[in-house]
Each structure stands twice: as structure tokens, then as C-alpha cells.
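Remarks on the structure that follows.
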Amino acid sequence: MSIPLEENKDGVPTTHGGCLLRNEYTRFSLNWSIRGGDNALDLAQENFGRRRLADLPPDLGKGLIAYTEGEPRTGPYVAFILFRCGDKRPWMGIDFSEVAKGRNVVADLVALLRIARDRFGEIHRCSPEAM
């Protein structure tokens, strides 16, 4: 994107958090928690399962990648992951507004989820693995 974006972050670093990039509307958001992973996965499956573009690779964790066909301001691209990291069962949800022409959204989201999952492990000093 060539337009300026504002960054916002919130949460408690030991248990949950979120960040977003926005201008006139939210362009990208990532939320995570170490609590309620199974319920969050069920909700993601219920809300986005019919619009699924892909399941996650088995080595990444449980989850999905979906496209809701909504307008960009609704964050129509969605990804969700539930994984294990030591004795924790964290989850992450990502949504964003648009994809650059010619990009492979599934491959890009799988790569982004890997980065986010591995970064979680570094910050929380645990080894991420699939459920």
C-alpha cells in the first residue's frame, strides 16, 4: 500500500493481544490469546467454514483460510490458527482488506501464520507445534 497507515496495539503480553493497521478503515488486524482456543476455533469454523479457501497445512496447526466476499472495509480475507506451544494452546485470528493483484493469498497467509506462530514461540519461550 502506498497510503499512510496508523498502527494500534493492545492487550496483556502474557495472555492476549491485538494489533491493527488502519487509515479510513482497518486494513489488517491480528488478535491472539492463550485462552479459549477450542471455542475460538469452533466460532471461526462456524463463521467462515462455508467460505473456506483452504485448510492449514497439518504441520502448522488447526484452522482455516477464508474469503467472505465482503467489501474491503469488512476485512474479507480471514485466517485462523490454533496450535500448541509448550503447555499453552494459543490461537491467532487475522483479517485484512485486500490482496495485491497476482498474489497467492493462501500461500501468503500460510507464510504469515508461520511467522506469527514462530514469533509467538520466541516471545513466550516455547516451541510451537501443530495440535
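The opening residue of the sequence shown carries number 1149 in the numbering used here; numbering runs sequentially from there. Beta carbons: idealized from backbone N, C-alpha and C, even for Gly.
- Task: Look at the alpha carbon of C1274 and the alpha carbon of F1244, and state the distance between them as a whole number of angstroms.
- Result: Within the sequence shown, the letter at position 126 stands for residue 1274. Within the sequence shown, the letter at position 96 stands for residue 1244. In a straight line, the C-alpha of C1274 is about 28 angstroms away from that of F1244.
- Helix, strand or coil at D1203 [DSSP, three-state]: Taking the sequence shown and counting its residues from 1, the one referred to as residue 1203 is at position 55. The three-state reading of DSSP puts D1203 in strand, counting E and B together.
- Query: How would you write the range of the alpha helix (DSSP H) that L1191 sits in, first residue to last?
  - Reply: Along the sequence shown, one-based indexing puts residue 1191 at 43. From DSSP, the alpha helix (DSSP H) with L1191 extends over G1185 to F1196.
- Message: Give me, in chain order, the residues of the same chain whose beta-carbon lies closer than 7 angstroms to that of D1266; leave out the 5 immediate sequence neighbours on both sides.
- Response: Along the sequence shown, one-based indexing puts residue 1266 at 118. Only P1276 meet the Cβ criterion.
- Pairing CB atoms from the segment 1232-1241 with CB atoms from the segment 1194-1205, are three or more of them under 8 angstroms? no
- When the distance is taken between beta carbons, is L1212 closer than 8 angstroms to Q1193? Translated into the one-based positions of the sequence shown, residue 1193 becomes position 45. Translated into the one-based positions of the sequence shown, residue 1212 becomes position 64. Result yes, Cβ atoms of Q1193 and L1212 sit closer than 8 angstroms.
- Message: So, does the segment 1150-1163 touch the segment 1202-1217, judging by three or more C-beta pairs under 8 angstroms?
- Response: no
- Query: Roughly how many angstroms separate the alpha carbons of W1180 and E1172, rounded to a whole number?
  - Reply: Taking the first residue of the sequence shown as position 1, residue 1180 is located at position 32. Taking the first residue of the sequence shown as position 1, residue 1172 is located at position 24. Roughly 24 angstroms between the two C-alpha positions.
- Counting only the same chain and skipping the five closest in sequence on each side, list residues whose C-beta sits under 8 angstroms from that of G1184. On the sequence shown, residue 1184 is found 36 positions in, with the first residue counted as 1. Cβ within range, chain order: W1239.
- C-alpha distance - G1165 paired with I1151, whole-angstrom precision: Here the question's residue 1165 lines up with position 17 in the sequence shown. Here the question's residue 1151 lines up with position 3 in the sequence shown. The straight-line gap from Cα to Cα measures roughly 25 angstroms.
- Query: What are the boundary residues of the alpha helix (DSSP H) that V1253 is part of?
  - Reply: Residue mapping note: residue 1253 aligns to position 105 of the sequence shown, counting from 1. Element bounds for V1253: V1253 to H1272.
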